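Residue numbers (the numbering used here): 986 to 1055.
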Amino acid sequence: MRQLLLITIIYLKASTSVMLAIIILLESTWAYEMTAMVISKNILSSLNYLLDIGLITINLPQKDIEQAKY
């Protein structure tokens, strides 16, 4: 009985370690994705601001502008 209890405790510790490793891996992946999303959002916001104040202009051919209207 004691040996079975020891094997069970070792198994639980190992499976807990594996689960913790998986959780840490998922959290770090999630953190990288969130960081990339925030950086992308900041870049797009900056570009929108520069477009709004007129520091960046987009020169589209007139044909593309007319097609975009329809």
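Note that the Cβ used here is the ideal one computed from N, Cα and C, for glycine as well.
In this text, all values refer to a predicted model and were calculated from it rather than measured experimentally.
{"Asked": "Alpha carbon of SER1031 to alpha carbon of GLY1039, nearest angstrom", "Found": "12 angstroms"}
{"Asked": "Cα-Cα separation between ILE1041 and LEU1035, rounded to whole angstroms", "Found": "6 angstroms"}
{"Asked": "Cα-Cα separation between SER1000 and TRP1015, rounded to whole angstroms", "Found": "22 angstroms"}
{"Asked": "Close beta carbons around GLU1018, own chain, < 6 angstroms, minus the five adjacent residues each side", "Found": "none"}
{"Asked": "Distance, ASN1044 Cα to MET1022 Cα", "Found": "28 angstroms"}
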